[in-house]
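Colleague:
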Amino acid sequence: MAEMELFPGAYYLPDFLSSAVQRALRQRVEAVAGPLFYTPVHRSGHPMRLRLCCLGQHWNAQTYAYEPVRSDHDGAPVPPVPEDLAALARRIAQAVGMDLRPDVCLVNHYAEDGRLGVHQDKDEHPATLRAGVPIVSLSLGDTAAFALGGVRRSDPFTRFPLRSGDALVLGGPARLRFHGVTRVHPGTGPASLGLTGRYNLTFRQNAP
Ligand SMILES: O=C(O)CCC(=O)C(=O)O
């Protein structure tokens, strides 16, 4: 199915990844990130409702800064973003006319009670935010109820499902739109993927 421009700079690409690519991506995620997932503790003191593994640079849930080691967890260095995954994200950005050189990928694993509160992705370098360099999101496994708002927290939300294989691009004027995952629908992922829960990968560019 073709992409839909939901708002200027916000593109929804349903069913973008074939079943075979989804299976391959699941294997890549588990090979690269599998042993490294952990539950971040937000600076409010609450554990987040997902498990995280950052590639390229670590996003610190206490300071909201990117760093080379996981200083809010185990101090371990961060594996690089694999070239093939970065190239895939770049191709998706190009498909909607945007340029992205991903140097960070946050891989989230949501269990059946997983969710992610409404937030803006605004911790990347100010120059990349100003330039509207996009974030490319890929979903695998169970369907998420996704909420996409505006650039002010009080703006109304558009709600739609992110299913296994869907891609979403937030760039240009949509780069700082608020968004969140209100719930995950257990058991809704493709049987052929054999994944319990949901992976979401957000490819980002920190360096200007
Ligand atoms: O899981 C998703 O679809 C959204 C992930 C997200 O917003 C984030 O990692 O900042």
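Each residue of the sequence shown is one higher than the one before, starting from -5 at the first, in my numbering.
Cβ atoms here follow ideal geometry from the backbone N, Cα and C, with glycine treated the same way.
It should be emphasised that the depicted structure is a prediction, and the values quoted were computed from it without experimental measurement.
On a CA-only basis, which of V90, D107 and V112 is nearest L203? Give me that one, please.
Modeller: Past the edges of the chain, shown from -5 to 202, lies residue 203, and the structure says nothing about it.
Colleague: Taking the CB atoms as reference points, tell me whether H179 and T137 lie closer together than 8 Å.
Modeller: yes
Colleague: Using a threshold of 7 Å, is the CB atom of F151 nearer than that to any non-hydrogen atom of ligand 1?
Modeller: no
Colleague: Tell me whether T205 is buried or exposed, calling it buried when 16 or more other Cβ atoms sit within 10 Å of its Cβ.
Modeller: The first residue shown for the chain is -5 and the last is 202, placing residue 205 beyond what the model contains.
Colleague: Take the Cβ of E77 as the centre, count every other Cβ of all protein chains shown within 10 Å, and call the residue buried at 16 or more, exposed below.
Modeller: exposed
Colleague: Going by alpha carbons, who is nearest to N194 out of L49, G3, P41 and A14?
Modeller: The option with the nearest alpha carbon to N194 is L49.
Colleague: If you reduce the DSSP assignment to three classes, tell me which class G28 lands in.
Modeller: DSSP places G28 in helix when its eight states are reduced to three.
Colleague: By a C-beta neighbour count over all protein chains shown, 10 Å radius and 16 as the cutoff for buried, is T33 buried or exposed?
Modeller: Answer is exposed; the Cβ neighbour count stays below 16.
Colleague: Helix, strand or coil for R17 per DSSP?
Modeller: Three-state DSSP puts R17 in a helix.
Colleague: Consult DSSP for P155 and reduce its assignment to one of helix, strand or coil.
Modeller: strand
Colleague: Report yes or no: do three or more beta-carbon pairs, one from the segment 173 to 188 and one from the segment 121 to 129, lie closer than 8 Å?
Modeller: Cβ pair count under 8 Å is below three, so no.
Colleague: Let me check you understand the geometry: is the CB of A138 closer than 7 Å to at least one non-hydrogen atom of ligand 1?
Modeller: yes
Colleague: Does ligand 1 have a heavy atom nearer than 7 Å to the CB of H179?
Modeller: no
Colleague: Using the DSSP secondary-structure output, state which residues sit across from M213 in a beta bridge.
Modeller: As shown, the chain starts at -5 and ends at 202. That puts residue 213 outside it, with no answer to give.
Colleague: Within this structure, are the beta carbons of L94 and Q199 separated by less than 8 Å?
Modeller: yes
Colleague: Assuming contact is defined by CB atoms lying nearer than 8 Å, are A121 and P71 in contact in what I supplied?
Modeller: No; because the gap between Cβ atoms is not below 8 Å, this pair is not in contact.
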